[in-house]
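Visitor: In UniProt numbering, the protein residues as written are 1 to 134. Glycine residues also receive a C-beta, built at the ideal position from the N, C-alpha and C atoms. Since this is a predicted model, take the numbers as computed values, not measurements. Before anything else, here's the structure in question.
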């Protein structure tokens with residue numbers, strides 16, 4: 001594991017490529033949690049770029065014929081994309097105070113990191129027959 005990763009040990013999947021990508025999400029979470037002056041639009045732009053790359057990469061590794069949670073996993077990815085899009089729309093429309101939206105984003109990303117990565121991502125990479133290296 002590269003030493004620059006700040007991804008918590010309990011969130012590492014021992015898949016260096018995936019762990020590196022997850023560390024980018026972790027860095028975004030840290031930026032939102034520790035820097036109240038960071039522009040939320042910058043965070044949302046970064047999230048959209050992250051999702052485009054990471055979800056595409058991860059989905060290419062999945063073997064639907066042997067991975068029992070394939071459709072559930074894809075549904076979770078689509079839900080994440082939808083939620084980020086909805087929050088970004090509220091930001092650009094000005095319908096919600098930025099601090100309220102910032103707190104919602106913090107909670108959403110933290111829950112995603114813990115629940116998704118430690119749940120379904122861990123299941124994906126627990127068995128070699130569930131995935132392939134892209």
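(1) Apart from the five residues just before and just after residue 117, which ones in its own chain have a Cβ nearer than 8 Å to its Cβ?
(2) Rounded to a whole number of angstroms, what is the C-alpha to C-alpha distance between residue 37 and residue 66?
(3) How would you label residue 87, buried or exposed, when you count the other beta carbons within 10 angstroms and need 16 or more for buried?
(4) Could you check where the alpha helix (DSSP H) with residue 58 kicks off and where it finishes?
(5) For residue 102, is the classification buried or exposed, using 16 other Cβ atoms within 10 angstroms of its Cβ as the cut-off for buried?
(6) Given a threshold of 16 other Cβ atoms within 10 Å of its Cβ, counted over all protein chains shown, does residue 73 qualify as buried or as exposed?
(7) Output needed for residue 49: all residues of its chain with C-beta closer than 8 Å, excluding positions within five of it in sequence on either side, in chain order.
Guide: Let me spell this out:
(1) Counting only Cβ-Cβ distances below 8 Å, and skipping sequence neighbours, we find 11, 13 and 22.
(2) Taking the straight line from one Cα to the other gives about 45 Å.
(3) Taking a 10 Å sphere around the C-beta of residue 87, we find 16 or more other C-beta atoms and assign the residue as buried.
(4) Looking at the DSSP string, the run of the alpha helix (DSSP H) that includes residue 58 is 40-61.
(5) Around the C-beta of residue 102, 16 or more other C-beta atoms lie within 10 Å, and the residue is accordingly described as buried.
(6) Buried is the call here.
(7) None.
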